[in-house]
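Each step along the sequence shown adds one to the number in my numbering, with nothing skipped, and position 85 is 85.
A virtual CB, placed ideally from N, CA and C, is assigned to each residue, including glycine.
To start, the structure itself, in structure tokens.
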Amino acid sequence: MDKVLVVTGGSRGIGAETARLAASRGYAVAVNYRERADAAQALVDEIQSAGGKAIAVQADVAKSADVERLFDTVDRELGRLTAFVNSAGHGGGYVRAKDFDPQVLDVIMQVTIVGAMVSAREAVRRMALSEGGQGGVIVNVSSMASTIGGRPGRTDYAAAKSAVDSFTVGLAKEVARDGIRVNAVRPAVTMTDMVDQLRHDDEARAAIADSIPINRIAEPIEVAQPIMWLLSDEASYVNGCLLDVSGGGFMVTELKKPK
């Protein structure tokens, strides 16, 4: 069976590393992007130069018509979908609850959860055995923020990712008998463009690293590798799982030894 993967938000960060790794393992990959056409095409060129098969497809996952066009393009150019990684998201900003802007909240939710749900709809329609599909796997990229309510100023993002968690578990139960497994990874802070400012702020980067037991921020490849495991047959009995890729979780401070 040919392996065909769509990665939303695939032009950079975790999505790009997932696309790169998947292509090296025999997947034909659709790299979705919203604005970064240059980054998406560079990744496609890289994959093709290495002997893989990939296309770049522009689509804003917050727009249902764009999502439908994305999956229709994959049908036409790559074939029947077998895997979907929902990596698109909106980081929002550092905003305290007293300063919430409903319009900004709407964008965060539309991209992070509504976009995930509409994309999953299109994936299920193509993968489901009852729809003539071959089965498949969906992996959502959530966040450890969903487990702690986010850091101060990021509760909007945490709320959106909590919805992704709930949707993952519910969808997994709904489509399992149609040959589809659904899981999520929940990364800790990962060095992507979403937190690019940390590359230039040693103090902030060190403070966040100190709140993670493993004492460092994740690299995107360290999240992409668990995603690929969830997509693989090695995880054939893993369904409805929220896999923490967190370096040990979150801690406020180191425990002191009792006297």
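The DSSP-derived three-state label of Leu81 is coil. Beta-bridge pairing by DSSP links Asn32 to Val57. Contact between Thr18 and Ala209 does not hold, since the beta-carbon distance rounds to 24 Å and is not under 8 Å. Shortest Cα-Cα distance from Ala62 to any of Leu70, Ser142 and Ser162 involves Leu70. For Pro226, the enclosing alpha helix (DSSP H) has its first and last residue at Pro220 to Leu231.
With contact defined as three or more Cβ pairs closer than 8 Å, the stretch 33-43 and the stretch 117-126 are not in contact. Short of 6 Å from the beta carbon of Ala128, and not among the five residues preceding or following it, lie these beta carbons of its own chain, in chain order: Asp178. Pairing His90 with Gly9, the inter-Cα distance amounts to about 10 Å. For a cut-off of 8 Å, the C-beta gap from Val4 to Ala28 is around 5 Å, short enough to register as a contact. Three or more pairs of CB atoms, one per stretch, sit closer than 8 Å, so the stretch 161-176 contacts the stretch 233-247. In the DSSP assignment, Leu243 falls outside any alpha helix (DSSP H) and lies within the beta strand (DSSP E) extending over Leu242 to Val245.
When the alpha-carbon of Gly149 is set against those of Ile214, Asn183 and Asp165, the nearest one is in Asp165. Boundaries of the beta strand (DSSP E) around Val4: Val4 to Thr8.
Rounded to whole angstroms, the gap between the alpha carbons of Leu105 and Ala97 is 11 Å.
Bounds of any alpha helix (DSSP H) do not take in Val238, whose DSSP letter is neither H nor E.
In this structure, DSSP gives Gly170 a helical state, which the three-state scheme calls helix. Contact annotation: Ala159 and Ala188 have beta-carbon atoms that are not nearer than 8 Å. Nearest neighbour of Gly13 by Cα position, chosen from Leu230, Leu231, Glu234 and Glu222, turns out to be Glu222.
Annotation for Gly248: no alpha helix (DSSP H) segment contains it, and DSSP assigns it neither H nor E. The C-beta distance from Leu21 to Val139 rounds to 12 Å, too long to meet the 8 Å contact threshold. Under DSSP, the beta-bridge partners assigned to Ile138 are Phe84 and Val182. In the displayed model, Pro102 falls within a helix according to three-state DSSP.
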